[in-house]
Amino acid sequence: MRRIKPLSVNTGKKPLEVSFSANIIEWHQSNGRHGLPWQRSNDPYSRWISEIMLQQTQVSTVIPYFKRFMKRFPTIGALSSSQIDEVLEYWAGLGYYARARNLWKAAKVIMREHNGVFPDSYEKMIALPGIGRSTAGAILAFSYNQSYPILDGNVRRVLTRYHAIPGWPGKASVLNNLWGMAEQHLPPENIGAYTQGIMDIGAEICLRRRPHCHKCPLANDCLARKEGCPERYPEVKPRSFRRVRATTMLMVQDEVGNILLQRRPSKGIWGALWSFPECFSDKEPEQCLFEQLSLEANVISRWQHLLHSFTHFDLEIHPIQLRLTKSQEVLESRDLVWYKPGSRLGRGVAAPVRRLLKQLQGA
DNA sequence: TACCCGTGGGT
DNA sequence: TACCCAAGGGT
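Each residue of the first sequence is one higher than the last, beginning at 2 in the working numbering.
Here is the structure:
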């Protein structure tokens, strides 16, 4: 790899050697990723959608969701004038549903306060719900050619290794240090190629396990490599206790097989998505149903409970199948709906609930 | 600040 | 298997 003579860079802070960014930019030209769906244009809307989807989510998972989403919501206006239920329907299965709710809210803000034009300044961007420092940096770099740093998992890994930075990167002091490094490494030009390049190195070269140091354009000056064990960085998160929550889901059907769904609270797990009504108390499901929804039903069967593991806790789901004892008109509540098996859902349903729904229809 | 938020892939 | 973690942000 060609070495470039270190130069002073004007970033405001103490500059680091410019060879870091220059090597990345040169490497990216012939070795970086260029064919991803959101790389077809620098349109801030599509970059915004992709950056939000890519938060804590792998590229291969995002690709089909991104294509479907952009086809249905091709502009900020299309997104802002849609129903949140349909946005969540297109998001269902991606997880972290606050991202979809914030996307929808931000689209309305952009229409109302920015005349429908995606903002081009860091301050305006970061004021939008769901856009933090890293996402704003990415959009500014890719869509507006403005020199702002990002700090995703890839960049964290590259920087902690290159500088041999100890400590878990989630810790504030370590994170601040990393943001400083990210800022000081910014190139004087080609910010888009640099930003994409450092992520590509993190994703395809500087792997968490068994990194391909022999292919890395930063290997010559990488301190972790000099120490002999790059896998030591970044240090792993301290382990924390995993809790178990239990919930009873009421799978209510009427006499023709329609299934009752209820909108979940807007915060918490699967916020604003639809699922089976839940029985939170220790009361019997029939009584729970009557008290909460004024519905009379009989228990048909109690299904074997299933354990759904999240990052921070396990959810123990107890499904109970019930049937209405007398026919019921359409419920006069917007938080309740009868779902007709086989029809389009038209609303977001979390993956485990969707699986249960399918089982219930087959039963 | 520590915790919350989801789903799927990798080891 | 039981973890860790992924183009993070909100509270």
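Ideal Cβ placement from N, Cα and C applies to all residues, glycine included.
Only a predicted model underlies this, so the values are computations on that prediction, with no experimental measurement involved.
- D283 sits exposed, since fewer than 16 C-beta atoms from the chains shown fall within 10 Å of its C-beta.
- Under the 10 Å beta carbon count, L323 is surrounded by 16 or more other beta carbons and is classified as buried.
- In the same chain as S22, and ignoring 5 residues on each side of it, the C-beta atoms closer than 6 Å to its own belong to H186, P188 and Y195, in chain order.
- Under a 10 Å Cβ-count criterion, S42 is classified as exposed, with fewer than 16 other Cβ atoms of the shown protein chains found around its own Cβ.
- Under the three-pair Cβ rule at 8 Å, the stretch 101-109 counts as touching the stretch 77-85.
- The DSSP-derived three-state label of R157 is helix.
- Looking at the DSSP output, C230 shares a beta bridge with no other residue.
- For the stretch 271-346, the continuous beta strand (DSSP E) assignments of 3+ residues that do not extend past its boundaries occur at 298-303, 307-310, 314-325 and 337-340, in sequence order.
- Every beta strand (DSSP E) stretch that sits fully inside the stretch 171-255 and reaches 3 residues is listed by chain position as 244-254.
- According to the DSSP assignment, L261 belongs to the beta strand (DSSP E) that extends over I260 to R264.
- Straight through space, the alpha carbons of V159 and G168 are spaced by roughly 14 Å.
- Under the three-state reduction of DSSP output, V257 falls in the coil class, being neither helix nor strand.
- Between I321 and V300, the gap from beta carbon to beta carbon is short of 8 Å.
- Residue state for V354 is assigned as helix, using DSSP reduced to three classes.
- For N32, the closest C-alpha among the options T136, L141 and I199 is that of I199.
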